[in-house]
Structures are given as structure tokens and as C-alpha cells.
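Number of protein chains: 2
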Amino acid sequence: MPTPDRTSLDAIVLAARDLLESEGLAGLSMQAVAARVGVRAPSLYKRVANREELIQFVAEATLSELGERLDEAGSLEQLAGEFRAFGHERPAAFQLILTPGAGTPTARPEFGASASQSILRLAGELAGEERALEAARTLTAWAAGFVSMELNSGFNLGGDVDEAWRFGLASIVKAIGDE
Amino acid sequence: MPTPDRTSLDAIVLAARDLLESEGLAGLSMQAVAARVGVRAPSLYKRVANREELIQFVAEATLSELGERLDEAGSLEQLAGEFRAFGHERPAAFQLILTPGAGTPTARPEFGASASQSILRLAGELAGEERALEAARTLTAWAAGFVSMELNSGFNLGGDVDEAWRFGLASIVKAIGDE
DNA sequence: ACCTGAACACCGTTCAAGT
DNA sequence: ACCTGAACACCGTTCAAGT
Numbered sequence: 001m002p003t004p005d006r007t008s009l010d011a012i013v014l015a016a017r018d019l020l021e022s023e024g025l026a027g028l029s030m031q032a033v034a035a036r037v038g039v040r041a042p043s044l045y046k047r048v049a050n051r052e053e054l055i056q057f058v059a060e061a062t063l064s065e066l067g068e069r070l071d072e073a074g075s076l077e078q079l080a081g082e083f084r085a086f087g088h089e090r091p092a093a094f095q096l097i098l099t100p101g102a103g104t105p106t107a108r109p110e111f112g113a114s115a116s117q118s119i120l121r122l123a124g125e126l127a128g129e130e131r132a133l134e135a136a137r138t139l140t141a142w143a144a145g146f147v148s149m150e151l152n153s154g155f156n157l158g159g160d161v162d163e164a165w166r167f168g169l170a171s172i173v174k175a176i177g178d179e
Numbered sequence: 180m181p182t183p184d185r186t187s188l189d190a191i192v193l194a195a196r197d198l199l200e201s202e203g204l205a206g207l208s209m210q211a212v213a214a215r216v217g218v219r220a221p222s223l224y225k226r227v228a229n230r231e232e233l234i235q236f237v238a239e240a241t242l243s244e245l246g247e248r249l250d251e252a253g254s255l256e257q258l259a260g261e262f263r264a265f266g267h268e269r270p271a272a273f274q275l276i277l278t279p280g281a282g283t284p285t286a287r288p289e290f291g292a293s294a295s296q297s298i299l300r301l302a303g304e305l306a307g308e309e310r311a312l313e314a315a316r317t318l319t320a321w322a323a324g325f326v327s328m329e330l331n332s333g334f335n336l337g338g339d340v341d342e343a344w345r346f347g348l349a350s351i352v353k354a355i356g357d358e
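Top line first, the protein sequences correspond to chains A and B. Here the first sequence stands for residues 1 to 179, numbered as in the working numbering. Here the second sequence stands for residues 180 to 358, numbered as in the working numbering.
1) Using the rule of at least 16 other Cβ atoms within 10 Å of the residue's Cβ for burial, across every protein chain shown, is A:L28 buried or exposed?
2) Where are the alpha helix (DSSP H) runs, 4 residues long or more, that stay fully inside the stretch 107-139 of chain A, in chain order?
3) Taking Cβ to Cβ, would you say B:G253 is nearer than 8 angstroms to B:S293?
4) If the criterion is Cβ atoms closer than 8 angstroms, does the pair B:A259 and B:L348 meet it?
5) When the Cα atoms are used, what is the spatial distance from B:W344 to B:R215?
6) Which residue from B:T241, B:G282 and B:R263 puts its Cα closest to that of B:I276?
7) Kindly confirm or deny that the stretch 38-50 of chain A and the stretch 80-93 of chain A touch, where touching means at least three C-beta pairs closer than 8 angstroms.
8) Nearest-angstrom Cα distance between B:G307 and A:A175?
9) Would you mind working out which of A:S148, A:E82 and A:M149 sits nearest A:S118, comparing C-alpha positions?
10) Which residues in chain B have a C-beta closer than 9 angstroms to the C-beta of A:L98? List them in chain order.
11) Looking only at C-alpha atoms, which of A:N50, A:A135, A:S8 and A:A34 sits nearest to A:P105?
12) Check whether the Cβ atoms of B:E313 and A:F167 sit closer than 8 angstroms, and answer yes or no.
13) Please classify B:Q257 as buried or exposed, where buried requires at least 16 neighbouring CB atoms within 10 angstroms.
14) Quick one, which of B:T278, B:L301, B:R316 and B:L336 has its alpha-carbon nearest A:Q95's?
15) If I'm right that B:S327 touches A:A144 with Cβ under 8 angstroms, what's the distance once you round it to whole angstroms?
16) Going by the CB atoms, is the gap between A:T140 and B:S350 shorter than 8 angstroms?
17) Going along the chain, which residues of the stretch 104-117 of chain A sit with their C-beta nearer than 8 angstroms to a C-beta in chain B?
18) Would a check of beta-carbon distances place A:A32 closer than 8 angstroms to chain B?
19) Give the residues from the stretch 84-97 of chain A that approach chain B closer than 8 angstroms (Cβ to any Cβ), ordered along the chain.
20) Mapping DSSP to helix, strand and coil, what is B:K353?
21) Quick one: residues in its chain with C-beta nearer than 8 angstroms to the C-beta of A:R17, no 5 flanking neighbours on either side, listed in chain order?
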């Protein structure tokens, strides 16, 4: 005799995302997720194969969300700004998708590819189609590195970080445009 | 009656660094470290306060080592190349010092500052003293992001990654030099 | 002074037993 | 069909007891 479900995959992934941001990746435990959705830890295994798969789902949901935000940008400068803002709002999820580290589960490649569409389009308009990929990679690498360093207190020599962002962004967009 | 020591802090940090690289950060467990140096886990607490402090020591040793390597570079291009090579040789340690993530212990700031000396010097020669910090940050952010993406399979759209490195490096060094 | 086993509070995961 | 408690193999850490 079937009983009505007491939770859902969506609720589980949502709880996992909240925990990731509030407690860090280590705090995303099966027991903590289970408590949030109102079941016991073993029940989660009816919806996800294991903790690794759950983390993968969180990474994929994060990439989709970031991709949607980047789609709204009308210029590379705007896109870079949205990217940076996302990192500040969701530092743990940002780190999970960009620098998960060996051993941490990652999103399937198609999720990464879809999040890169906007930047490829805008980079192509500026640098020409045949240079689009390299130009996009240069800007992405710089922005990812910059925001990662910010989030990890890597800028410990003083100075104005916002000023360094503007300086770097202008330099790179100019370099990309000069074919 | 004192007994001769059966291990040392140096041996413990060395074992931790090996484990970090071979098993990942999660594999750097107190029990695994203890087994490597030939004692039981509780004995480690005579030399380190806890696992967090041990990881901090590993991060600091890594930053010192990277700093020494960067000191040998005679140009920003060489320095960037050394930085990238270090990331390829020691991916887990590289990630630990650059993008440790919330919750993972980090090196004390003076270790980071000392590792940045060479790049500040070379950036100053190219961009002028008053632009040195911003120029160094732009190059560091790009290189850190590029290598991080490489190590985390973030470049999943095909193309030649080495070519993208050369393109990006030339663009950025040129942009920095054009004040 | 250092090292150890035993203990405690946690994990992820499996599985038989409940509804 | 879903959920649960109990169990297992792991963690980090503390501490009394050994030498």
C-alpha cells in the first residue's frame, strides 16, 4: 500500500543548496539535508544515489542559474559584472562550480557549455568569430581568478579592490578588441 | 623518564603534503598522517593543535615553495610559466593556497605577501611603480583563473589550451605595459 | 615527555523490518 | 513504495593509563 511521498528531489536539492551556502560544503551532510526536508538520512537514498550525486545536482542547478543571469548581459563589461555579483552572493556555490577541487563531484559538461553561451557570443562580436573562443577564455579566466581571490582573501596587500577590477576589466576588453 | 621522539613536526607536515597530493584534502586524515609517520593519531596532537592547524602548515609550506620558484623568474612571462607549471605538478596544493574555500584553513597573510614579491617587482618594472599593484593583480587573477580552470576541466569547449594560454598571456602583458 | 587504547560524538551507507 | 532504526566502517578529538 503506497504512502504519499514526504519529500521530493527538488526539495532535497534546494535544502542542499541552502546548507552549502550557510554551512559550507562540509556542512552539506546527508543528515543535515534530511533534517531540513523532514525525513531521516536513509530515505534520501530513494531520490539520490549518494552524497556525491546530490552535490553534482547542486553544481548543475547553480550553473543553470548563473547561465540565465549571464544571458541578460548586453556587453562583456555587464556580463563580467553579473559574474562577479553572483560570486559575492553565492560564494560557496560559485566555488563549487569553478574550483571544486579533486574529489568533489562536478556538473556534467553540457551544463558548463550552456553557461558559456553568452560570453562566447559577446566575445565573438568584439574579437571576431575565429578569435571568440580564446577571447572568451581570457576574460573568463581573469574574472574567475579575480573573484576567487576576492572570496578567498587573496588580495592581502591593500589597495582598492574595485579599482583593480575596473583596471583589469578595461585592460582585458581592450586587449581582446585589438585582435 | 623521557623517551626519544618517534616523529617530528617536519615529518608530519611532509606526510600531510604527500597525502594531500595523492589522496586529496579529504584523504589528509589524522589517522592516515599518523600511519605514515609511524605513530597513532592521538600522538599527532603533541605537535599540532588539530587537523586545521596541520592543513594551515601545509598551505604555508606550499606558499613558501611557490615563492622560491617565482623568485627565479626574470620576466613576467617566465613567472607566469613557472606558476602554471607549479599548478600542474601540485594541483591539490595549488588549489589549497589559491581557492581553499570557506571552512578550509588558510596560510597566515605574511606567507601570501612573501610569495607575491617577485610579481610585484616585475610588474613594477613594466607598468611603473604606481601601477604595479593593479598590474600584478590583473596578471595574477588571470593566471590563477586559467590554471584553476585547467585543473578543474573548466575548458570543455575544445580548442588548444596552450594556444589560449599564449594568447591570454600576450594580451595581458601588452595591456599592462600600455599603462 | 611522549605514546597508546578506549571512548565519544559525529559521518555516509546498507538493509531488514515496518506501514 | 516509501520510510525507519539499527548496524557497520569510518572520521576528529579527548583523556586516563602506561613507559
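All residues carry an ideal CB built from backbone N, CA and C; glycine is no exception. All values reported here derive from a predicted model rather than from experimental measurement.
In short:
1) The residue in question, A:L28, is buried, as its Cβ has 16 or more Cβ neighbours within 10 Å.
2) If we require 4 residues or more, the alpha helix (DSSP H) runs fully inside the stretch 107-139 of chain A come out as 109-115 and 117-127.
3) Going by C-beta atoms, B:G253 is not nearer than 8 angstroms to B:S293.
4) For B:A259 and B:L348, yes; Cβs fall inside 8 angstroms.
5) Each residue's Cα considered, the two are about 38 angstroms apart.
6) Residue B:T241 is the option with its Cα nearest to B:I276.
7) In this structure the stretch 38-50 of chain A does not lie against the stretch 80-93 of chain A, because fewer than three pairs of beta carbons, one per stretch, are closer than 8 angstroms.
8) Rounded to whole angstroms, B:G307 to A:A175 spans 19 angstroms at the Cα level.
9) Cα-wise, what sits closest to A:S118 is A:E82.
10) Under a criterion of Cβ atoms nearer than 9 angstroms, the residues of chain B adjacent to A:L98 are, in order, T278, G324, S327, M328, N331 and G333.
11) The residue among A:N50, A:A135, A:S8 and A:A34 with its C-alpha nearest the C-alpha of A:P105 is A:N50.
12) Closer than 8 angstroms, so yes.
13) Result: exposed.
14) When each option's Cα is compared against that of A:Q95, the closest is B:T278.
15) A Cβ-Cβ distance of about 7 angstroms is found for the pair B:S327 and A:A144, placing them in contact under the 8 angstroms criterion.
16) No. Outside cutoff.
17) Taking 8 angstroms as the upper bound on Cβ-Cβ separation, chain B lies near residues T106, P109, G112, A113 and S116 of the stretch 104-117 of chain A.
18) Residue contact check for A:A32 against chain B: no CB pair falls below 8 angstroms.
19) From the stretch 84-97 of chain A, only P91, A92 and Q95 have a Cβ closer than 8 angstroms to chain B.
20) Helix at B:K353.
21) V58, A61, T62 and A93.
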